[in-house]
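Undergrad:
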Amino acid sequence: MVVEIDKQSGFCFGVQNAVEIAEKALLRGEKIFSLGPIVHNDKEVERLSTLGLASIDHDEFRKLKNCKVLIRAHGEPPETYITAEKNNITIIEATCPIVKRLQSKIKETWLKTKEGNGQVVIFGKPGHAEVVGLLGQINNEGILVSGPDDFQKVDITRPVYLFAQTTMSVKEYRNFTDILRFKMEENGISDPDMNLIINKTICGQVSNREPHLKAFARKHDTIIFVSGRESSNGKILFSVCKNINPDTHFVSSPEEIDKSWFKGKKSVGICGATSTPKWLIENIRDIISNI
Ligand code: SF4
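Count along the sequence shown from 1, then add 1; that gives the number in our numbering.
1) Give a yes or no on contact between the stretch 162-169 and the stretch 197-212, applying the rule of three or more CB pairs nearer than 8 Å.
2) Would DSSP call Lys108 helix, strand or coil?
3) Using only CA atoms, which one of Phe177, Asn209, Ala216 and Arg210 lies nearest to Leu197?
4) Taking only heavy atoms of the ligand SF4 into account, decide whether any of them is closer than 7 Å to the Cβ of Gln300.
5) Near the ligand SF4, which residues have their beta-carbon closer than 6 Å to a heavy atom?
6) Beta-carbon within less than 7 Å of Pro38's beta-carbon, same chain only, minus the 5 sequence neighbours each way: which residues are those?
7) According to DSSP, is Ile41 helix, strand or coil?
8) Going by DSSP in three states, Gln17 sits in which element: helix, strand or coil?
9) Measuring alpha carbon to alpha carbon, tell me which of Thr223, Leu238 and Gly235 ends up nearest Val250.
10) For my contact list, Lys267 and Met2 are in at a C-beta cut-off of 8 Å; report their separation, rounded to the angstrom.
11) Would you say the stretch 213-227 touches the stretch 278-285, given that touching needs at least three Cβ pairs under 8 Å?
12) Output needed for Gly143: all residues of its chain with C-beta closer than 6 Å, excluding positions within five of it in sequence on either side, in chain order.
13) Going by DSSP in three states, Leu281 sits in which element: helix, strand or coil?
14) Give the C-beta separation of Lys69 and Ile93 to the nearest angstrom, bearing in mind that I take them to be a contact with Cβ-Cβ under 8 Å.
15) Let me confirm a value: Ser253 is counted as buried when at least 16 other C-beta atoms fall within 10 Å, else exposed. Which label applies?
16) Closer than 8 Å, CB to CB, is Asn200 near chain B or not?
17) By the 10 Å Cβ neighbour count, where 16 or more other Cβ atoms means buried, how is Leu52 classified, buried or exposed?
18) I'd like the span of the beta strand (DSSP E) that includes Gly270, first residue to last.
19) Just to confirm before moving on: does the CB-CB distance between Ile232 and Asn42 stay below 8 Å?
20) Can you grab the Cα-Cα spacing for the pair Arg210 / Ala74, in whole Å?
21) Mind checking Leu36: buried by the 16 CB within 10 Å criterion, or exposed?
Following this line, the structure appears as structure tokens:
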């Protein structure tokens, strides 16, 4: 049985950067906290906690004073930085630069819409840390949409400035923009593209993986998709593989591997999300190879 790891799977640039920043601080012997799990992968969080990285939630953060707190790749709203300053907390900045740029762009657009009649609409997952950070840039005055039915939240007679959370599905974002354009046409707006400003903000580290994973999933009898269950990018990329190859299995740890999946199979492909560490994928490869 051939067992192949997808070369593009593993941490994206933003997550890799955040993990390296944390590791360097821990190796210097610094006591640091991560505001929220540093990555949506329990195994990697466990590994870093053995090095001394403690995860805290926002309630715990507000009670802390005189310490160091790492902001993970998803970014944070401005209130977090204000609290840190008040409580003498040193921020270790690990927000992904792509998310930082998106935060600035959304804020800049929102300030412009205040002078006109426009509205900022964010296509993202309610409650997701990145979305909380994006909405925070604009005083929570943006409209959050997460699926086709949410077009009703948008006033299609006013200009719409549309942005997507970086890890959303390209296909679902396109569907949503098509619905808005269709509704505008239905309402007699002769040139919807003047009224609907679509910002292509899904990260290339996510969107480029979709076509690549489709080809990878097609190539193998069985696909093992490795990801934390909380990873939204993991859910999207898993369904990309599953749609192409129904014999795709989602696992978040080596213990979930079931020997019966490989009976009579000639080739197995192993891939994962942008939050899946390479060492975990390799670990799973070794277990499957032994089977
Ligand atoms: S998916 Fe893209 S935007 Fe999000 S953390 Fe990774 S590199 Fe940054």
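Glycine residues also receive a C-beta, built at the ideal position from the N, C-alpha and C atoms.
For clarity, every value in this text was computed on a predicted model and none was experimentally measured.
TA: In this structure, then:
1) yes
2) Locating residue 108 in the sequence shown gives position 107, counting from the first residue. The answer is helix: DSSP assigns Lys108 an H, G or I state.
3) Position 196 of the sequence shown holds residue 197. Closest option to Leu197, Cα to Cα, is Phe177.
4) Outside the displayed range of the chain (2 to 292) lies residue 300, so it cannot be described from this structure.
5) Cys13, Phe14, Gly15, Val16, Ala74, Cys97, Ile99, Val100, Thr167, Thr168, Cys204, Gln206, Val207 and Thr275
6) Here residue 38 corresponds to residue number 37 of the sequence shown, with the count starting at 1. Setting aside the 5 residues that flank it on each side, Pro38 is surrounded in the same chain by Val46 and Ser56, each with a C-beta closer than 7 Å to its C-beta; the list follows chain order.
7) As a working note, residue 41 is residue 40 in the sequence shown. Going by the sequence as given, residue 41 is His instead of Ile. It is coil, neither helix nor strand.
8) For the purposes of this step, residue 17 is taken as residue 16 along the sequence shown, with counting starting at 1. In this structure, Gln17 counts as helix in the three-state DSSP scheme.
9) Here residue 250 is taken as the residue at index 249 of the sequence shown, counted from 1. One point to set straight first is that residue 250 is His, not Val, in the sequence displayed. His250 has its Cα closest to that of Thr223, out of Thr223, Leu238 and Gly235.
10) Looking up residue 267 in the sequence shown gives position 266. Looking up residue 2 in the sequence shown gives position 1. Indeed they touch by this definition, with Cβ atoms about 6 Å apart.
11) Enough Cβ pairs lie closer than 8 Å, so yes.
12) Looking up residue 143 in the sequence shown gives position 142. Once the five neighbours on either side are set aside, the close Cβ partners of Gly143 are Val121, Ile123 and Leu136.
13) Stepping through the sequence shown from its first residue, residue 281 is reached at position 280. Helix at Leu281.
14) One-based indexing of the sequence shown puts residue 69 at position 68. One-based indexing of the sequence shown puts residue 93 at position 92. With a Cβ gap of about 6 Å, Lys69 and Ile93 count as contacting.
15) In the sequence shown, residue 253 corresponds to position 252, counting from 1. Ser253 should be labelled buried.
16) The structure shown has no chain B; it contains just one protein chain.
17) Here residue 52 refers to the residue found at position 51 of the sequence shown. With fewer than 16 other Cβ atoms within 10 Å, it is exposed.
18) Taking the sequence shown and counting its residues from 1, one reaches residue 270 at position 269. Gly270 -> beta strand (DSSP E) spans Ser268 to Gly273.
19) Sequence index remark: in the sequence shown, residue 232 carries index 231 (1-based). Sequence index remark: in the sequence shown, residue 42 carries index 41 (1-based). Note on identity: in this sequence residue 232 is Ser, with Ile being the wrong assignment. Closer than 8 Å, so yes.
20) Along the sequence shown, one-based indexing puts residue 210 at 209. Along the sequence shown, one-based indexing puts residue 74 at 73. Using only the alpha carbons, I get a separation of about 19 Å.
21) As a first step, residue 36 must be located in the sequence shown, where it is residue number 35. Under this definition Leu36 is a buried residue.
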